[in-house]
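J.:
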Amino acid sequence: MNGQAPFSRELALRIGLAAHALPDTDAKRLLSVLTDCIGLPITEEKIADLSLKKLKTAKTGEFIDFDDALLAQALNILKGVQQSNDDSWETLSYQDGDMPGSVRIAVASNDGLNVDGHFGAAQQFMIFQVSADEIRLIYVRDTDIPAGLIVDDKNLYRAELIQDCQVLYIASVGGPAAAKIVKLGIHPIKLEAPEPIADVLEQLQSVLAGTPPPWLAKVMGIGAADRFRFEREATG
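Just so we're aligned: the sequence shown equals residues 0 to 235 in numbering that gives the first Met the number 0.
#1: Taking all protein chains shown into account, decide if Ala-216 is buried (16 or more other Cβ within 10 angstroms of its Cβ) or exposed.
#2: Taking C-alpha atoms, which residue in Ile-149, Tyr-93, Lys-55 lies nearest to Glu-133?
#3: Does the stretch 92-108 touch the stretch 12-29, meaning 3 or more C-beta pairs lie closer than 8 Å?
#4: Starting from Glu-133, trace the beta strand (DSSP E) in both directions and tell me its first and last residue.
#5: Using beta-carbon positions only, say whether Asp-25 and Ala-17 come within less than 8 Å of one another.
#6: Take the Cβ of Ser-101 as the centre, count every other Cβ of all protein chains shown within 10 Å, and call the residue buried at 16 or more, exposed below.
#7: Rounded to whole angstroms, what is the Cα-Cα separation between Pro-195 and Val-181?
#8: With DSSP run on the structure shown, which of helix, strand or coil describes Pro-213?
#9: Alpha carbon to alpha carbon, what distance is there between Gln-202 and Ser-130?
#10: Excluding the 5 residues flanking Ile-188 on each side, which residues of the same chain have their C-beta closer than 8 Å to its C-beta?
#11: DSSP on Val-159, reduced to helix/strand/coil?
#12: Suppose the cutoff is 8 Å on Cβ atoms and the five residues either side in sequence are ignored; what does the same chain contact list for His-117 look like?
#13: Buried or exposed for Lys-179, going by 16 or more other Cβ atoms inside 10 Å?
#14: My assumption, with CB atoms under 8 Å, is that Leu-160 sits in contact with Arg-140. Please give the rounded CB distance.
#15: Going by beta carbon distance, what residues of the same chain come within less than 8 Å of Ala-47, once the five residues before and after it are set aside?
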């Protein structure tokens with residue numbers, strides 16, 4: 000795109016998720032509207048100043064027939080305005096590079112406190128960035144399909160909501176859904192019973208600080224030689 004520098008990973012993800020929230024809209028369509036209303040280059044700063052009215056009337060009213068609530072949801076996603084439903088977790092900002100050696104974790108939760116969600120029925124995915132010494136809740140993604148959006152495969156829709164994550168903690172998941180999750184490069188971990196999110200993530204921190212399995216070490220950015228060492232240690 001002429002005049003457009005490469006998007007950061009976070010902004011590219013938000014654009015994709017915002018497009019996903021609008022009927023019959025892909026990232027290309029949303030980008031064309033954004034280009035018309037804020038011009039190139041599209042930046043975090045320009046998006047932060049974008050109003051609902053300007054988005055709705057851009058490109059000769061491309062989104063004029065969309066419900067205001069739907070557009071507001073998409074605009075909030077674009078701006079990264081996502082709040083936790085529970086006061087025990089505060090949503091914090093995150094930029095690539097803030098937490099070296101960290102992994103991104105999705106948690107299927109209904110109450111915002113426990114890993115208690117079935118993949119196909121959980122009310123939300125709580126997205127955490129986790130390193131050996133820090134845990135940040137960075138997003139809370141509602142799993143409700145926006146009104147007017149036609150989804151042929153609900154499980155694929157849900158998997159795509161967390162496609163930036165490396166690990167998913169869930170209470171249960173069916174075989175076909177698990178296959179879609181794995182195909183996107185996400186490692187699903189099913190718990191035997193609901194557990195507090197804080198406990199689960201603290202257990203993960205212990206693994207990150209110790210001898211992570213080779214697949215997890217690779218996600219953490221650990222070099223091949225050290226991954227081989229971990230594999231030897233794990234097998235004795």
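Beta carbons are placed, not taken as given, at the ideal position from N, Cα and C, and that holds for glycine.
Model, not experiment: these values are computed from the prediction.
T.: In terms of the structure at hand:
#1: buried
#2: Tyr-93
#3: No, the stretch 12-29 does not touch the stretch 92-108.
#4: 133-141
#5: Annotated as distal: Asp-25 and Ala-17, with beta-carbon spacing of 8 Å or more.
#6: In summary, Ser-101 is buried, with 16 or more beta-carbon neighbours lying within 10 Å of its beta-carbon over all protein chains present.
#7: 24 Å
#8: helix
#9: 11 Å
#10: Val-166, Leu-167, Tyr-168, Ile-169
#11: At residue 159 the sequence reads Glu, which differs from the Val that was named. If DSSP states are grouped into helix, strand and coil, Glu-159 belongs with the helices.
#12: Excluding the 5 residues flanking it on each side, His-117 has same chain C-beta neighbours closer than 8 Å at Ala-107, Ile-169, Ala-170, Ser-171, Val-172, in chain order.
#13: buried
#14: Yes, Leu-160 and Arg-140 are in contact; Cβ-Cβ is about 5 Å, under 8 Å.
#15: Lys-78
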